[in-house]
Every structure is written in C-alpha cells, then in structure tokens.
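J.: Quick one: the structure is below, questions incoming.
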Amino acid sequence: MLGTAGVAVAGTGLGSIAFSGNSAAATVDIGATNPGSVTNDRGDLSKVTIDPTFRVEWSDLDTAVGKVFYVIEGRTRDNGNWSDWSPVFRSTPWLTPGSLQGADASKPGTSGHLEFSDPLSAIMNRSSASRDNDNPSPGFGSTGKAEDPRPLPRPIEVVNELGRPDYENADYSDINGVDASSYLAGNSMGGANSAYSNLDSGELSRTEGGAVEYGDSSLDDNGGTLPLVNNFPGAESGYYGAADDTSRFDVDEDGASDTDTVEIRYTFALQRLNTGSANLGDDPSGIGYTPVSSFTQNPLSDYSTIEEAVREDPHLENVRPEDVNTGNSELVMDGTDDYPSITNNGANSAASNVYDAYQAIADSHPAVISTTAQFTVTVTNEAGDSGVTGDTSAGASGGGQ
C-alpha cells in the first residue's frame, strides 16, 4: 500500500466553446469526470491534476481575432465551505503561421478557431521544445528559451502538498511594474521567464513527509520563494502554482472516508492583432524590428507599411488595417456596438488582462466566455489491522520412574 496518492482528472476536455457576434449569449460545453477514489493506509492525497483539451470557435465578429487569451482558476470545497478562487495557469496562443502537433489554428479573422486536440501538457512540452531565443515557436507568440526547470510533459496541479504560493508576501521588485495585486489580477505580470528567474523557488511537488525536490535548469538563478509548479517558462505560459494544499482532502481517522469538491473556472477572451503582431513596428521606415514570431507569412522586406502587410500578406487575408491596434492587443469589440467594456469593470485599458473584468462581462459580450466545471475527490484511510501467524512447534519430553 502507498502512503500517498495523486489524482489525475479524466474527462477534462472542454468540448467546443463558441463565440458569435450575432448574439451576446455564447455557448459552451465543458465538463470533468470524477477521477475516483484514493485509498491508502495514511489517508493522504499528494495532488490533484487536470490536463484539458479544448476547441474555441468564433464567427461573425466585427473585428478580426489574432490571439486567444485564457486563464484557468481553481478552488476547493470542504464541509460546504469554498476556498477563494486562485489562478493556476494562463496563456495567450497567437494565430501565427505554422502550428504544433496537436494544436490547430485558423488564420486571423472575424471567424475562426483554435483547437488543442492533445492535452495541454503535451502542447506545453512541444512549445517549450520548439522555442529558443532565435527560433520562436510558430503559432505561439513571442520568443522564449527552449527549456523548463521541471520535467515535461506534466499536467496542471490544482491541489498539491506545497499548497497555494504565498503571492502576497513575495518580492516583485525585480519585475518592473508588478506587485502581488497585479500578478493575481492578471493585468501586470512580466513574462513567464521573468517569473521563474525572480519569483519561482523551483520546487517540485512532493509527497507528505518527503524531501522537497527542485527543478534543474540553466535559466537565470531564481532564488525566489514561490512554488510556481504550473509555470512553463520555455512556453511563455503558466505563471502560477496550485490553488490549495491537500489538508482539506487528507483523512486522519483510521477507517474513515471523506469526499470533497474541486471546481475549475475557465475564462477565454478573443484579442485583436497589434502593430507588433502585424510584424511591423513604429520606426519611421515602417519596417520595424519586431521578433520573427509574427503574423506575416512573407519576409518583412516585402512590405513598407503596416497597411500594406495587412492588405497583401497571405496569412492576413481576412484582416483589415483597422483591425490592428497600436500598443498591446485589445479585447475584440471592446465597448463597441453597445457591448460592455472591460474598462468599466476594473481594467485600465481594453488591453488589460484583468480576470475579474473579463468575467464581469462574459454573459453580455461576444468575445468573452467564462464557465466552470466540478468534480469530487474521495480519500479513504484504510482501517488498521494486525495479527500473528506461525507455528509454535511445542513439544514436551520427560523422564523418570
């Protein structure tokens, strides 16, 4: 019998998530299958993980989509009491030329799709492997280092022995403009590489009572304090650790069982192309010096202006110049056509990835969806038992008259 056990959630595929400009009421199909019971002689749970697949579709929007932002959050319930939501993973795949195995994306446009037919752990593994400073991953945005401090592939840990990182007391001074509030809210975070270098302790999940393990990476020395087990610096995704520890799930009493609930919240937001993602910068020549990981199929030298690139590049055939905003990518149709704006719900700009702001308009905006899925985890502490078997082989002998 094992002293601890982990749970991998089966059936975490999100199905089809649909956005439509014809109606603010989007459709979504998301679910999770209860992963079953954990039974061992200590009543210990080591971790609960998820590994989702999904397909996001959009149609009939008024502005072309170039990126799909999403954040995954988790919380747990014990004796009827919910913990607070805590982010466990975020990413922003770009609809650039090329693709990874198991990932498929349309060209940018007012209708299109993004699909992860393979589990997220496999996508992060392949994205990390395909990136380095000179060769960014096609279809997945900015450059990054083809390395990760922890073994790959690995699923997202929602519950583990290390617990929720102490974000509130971490040192963010080496990440410009970032503090605990902005990091948790999502609007100012820096990159995933920066999170590893400055915040991450490099710890791996461990079993209760076991020694803490650490990742092995040649990325900058981190010296951080946070167990960001769901950060994938090689893939420029992740950023966070678990949502909770296992104390709510562990069963101390011999022969007893306990069933607790885990809830996952997925929030998706469709974003516009910006000047950088159009492969042209703001320098006077119009050609720019942005990274190669961009949205144009042809070389930079083929175009002299952003408008020309958008109108003539084959990969941008479904994009118009007015679809491309300057600065950071903004939410598609933010505050237009009588739809709400995230700037009226806690975001400083239409380009701010504030989770609460997205969720506030999810029911009334065609480019945002937020939905949840629940599953239960049962832990049983096996009853103790003891006994003796063997043979005494008794014998007696004597002598006398």
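Okay, so the sequence shown: first residue is 1 according to the UniProt record's numbering, each after it adds one. Don't be surprised by glycine CBs; every beta carbon is placed ideally from N, CA and C.
1. In terms of residues, what are the limits of the beta strand (DSSP E) holding residue 411?
2. According to DSSP, Arg90 sits in a beta bridge with which residue or residues?
3. Give the straight-line distance between the Cα atoms of Thr96 and Asn274, rounded to the nearest whole angstrom.
4. Once you ignore the five residues that flank Tyr172 on each side, which residues in its own chain have a CB closer than 8 angstroms to its CB?
5. Which residue comes first and which comes last in the alpha helix (DSSP H) that contains Val310?
6. Report yes if the CB atom of Arg154 is closer than 8 angstroms to the CB atom of Ser121, and no otherwise.
7. Under the DSSP definition of a beta bridge, which residues are partnered with Asp104?
8. Hey, is the region 323-331 in contact with the region 233-251, meaning 3+ C-beta pairs nearer than 8 angstroms?
9. What does the alpha-carbon distance come out to for the pair Leu228 and Glu312?
10. Just confirm the distance between the C-beta atoms of Val159 and Lys47, as a whole number of angstroms; I'd bet it's less than 8 angstroms.
11. Which one of Asp245, Trp82, Arg272 has the shortest CA to CA distance from Phe69?
12. May I have the straight-line CA-CA distance separating Leu162 from Asn176, to the nearest angstrom?
13. Nearest by alpha-carbon distance to Arg265: which of Thr92, Val65, Ser86 is it?
14. What is the residue span of the alpha helix (DSSP H) that Ala357 lies within?
15. For Thr49, is the classification buried or exposed, using 16 other Cβ atoms within 10 angstroms of its Cβ as the cut-off for buried?
16. Could you pull out every residue in the same chain whose Cβ sits closer than 6 angstroms to the Cβ of Val354, ignoring the five residues on either side in sequence?
17. Could you check whether Val88 and Asn193 sit closer than 8 angstroms to each other, using their CB atoms as the reference points?
18. Could you spell out the range, first to last residue, of the alpha helix (DSSP H) harbouring Ala269?
19. With Asn125 as the anchor, note down where its alpha helix (DSSP H) starts and where it stops.
20. Output the distance between the C-alpha atoms of Asp338 and Ser201, rounded to the nearest integer angstrom.
21. If we ignore side chains and look at the alpha-carbon of each, how far apart do Met189 and Ser205 end up?
22. Does DSSP classify Leu152 as helix, strand or coil?
23. Which whole-angstrom value describes the C-beta separation of Ala170 and Thr225, a residue pair presumed to lie in contact below a C-beta threshold of 8 angstroms?
24. Grab the span of the alpha helix (DSSP H) containing Ser182 for me, first residue to last.
25. Among the candidates Ile72, Gly66, Val65, whose CA atom is the shortest distance from the CA of Asp51?
26. Glu208 CB to nearest chain D CB: under 8 angstroms?
27. By Cβ distance, which residues of its chain are closer than 8 angstroms to Asp356, with the 5 residues on each side in sequence left out?
28. Our contact map puts Pro165 next to Gly241 with C-beta atoms below 8 angstroms; I'd like the distance itself, whole angstroms only.
29. Mind checking which residues open and close the beta strand (DSSP E) that includes Thr343?
30. Run the CB neighbour count on Gly400, radius 10 Å, all protein chains shown included, and call it buried at 16 or more, exposed below.
31. Roughly how many angstroms separate the alpha carbons of Pro334 and Ser341, rounded to a whole number?
32. Quick one: give me the first and last residue of the beta strand (DSSP E) that Thr49 is part of.
33. Rounded C-beta distance between Ala367 and Leu61? I'm assuming under 8 angstroms.
34. For Ala235, which of helix, strand or coil comes out of DSSP?
35. Please classify Asp245: is it buried, with 16 or more other beta-carbons within 10 angstroms of its beta-carbon, or exposed?
T.: Let's see:
1. Outside the shown range of the chain (1 to 401) lies residue 411, about which nothing can therefore be said.
2. Val71
3. Going by the C-alpha atoms only, they are around 13 angstroms apart.
4. Val178, Asp179, Ala180, Tyr183, Asn198, Leu199
5. 306-312
6. In terms of Cβ geometry, Arg154 and Ser121 form a close pair [threshold 8 angstroms].
7. According to DSSP, which records beta bridges pairwise, Asp104 is partnered with Glu115.
8. no
9. Per the coordinates, the alpha-carbon of Leu228 lies some 43 angstroms from the alpha-carbon of Glu312.
10. 6 angstroms
11. The closest CA to that of Phe69, considering only Asp245, Trp82, Arg272, is found on Arg272.
12. 27 angstroms
13. Ser86
14. 355-361
15. buried
16. Ala185, Gly186, Asn187, Gly346, Ala347
17. no
18. Careful: Ala269 lies outside any alpha helix (DSSP H), inside the beta strand (DSSP E) at 257-271.
19. Where Asn125 is concerned, the enclosing alpha helix (DSSP H) stretches over 120-130.
20. 46 angstroms
21. 24 angstroms
22. coil
23. 6 angstroms
24. 180-185
25. Ile72
26. Among the chains in the structure shown there is no chain D, since it carries only a single protein chain.
27. Ala185, Asn345, Gly346
28. Contact flag correct, Cβ pair sits at about 4 angstroms.
29. Premise fails: Thr343 is in no beta strand (DSSP E) and is neither H nor E.
30. Note that Gly400 scores 40 on pLDDT, short of 50, meaning its location in the model is unreliable; the coordinates nonetheless yield the value given after this. By the neighbour-count rule (16 or more Cβ atoms within 10 Å), Gly400 is not buried but exposed.
31. As written in the sequence, residue 334 is Asp, which differs from the Pro given in the question. Distance between the alpha carbons of Asp334 and Ser341: 5 angstroms.
32. 47-50
33. The beta carbons of Ala367 and Leu61 sit about 7 angstroms from each other, so the pair counts as a contact at 8 angstroms.
34. helix
35. buried
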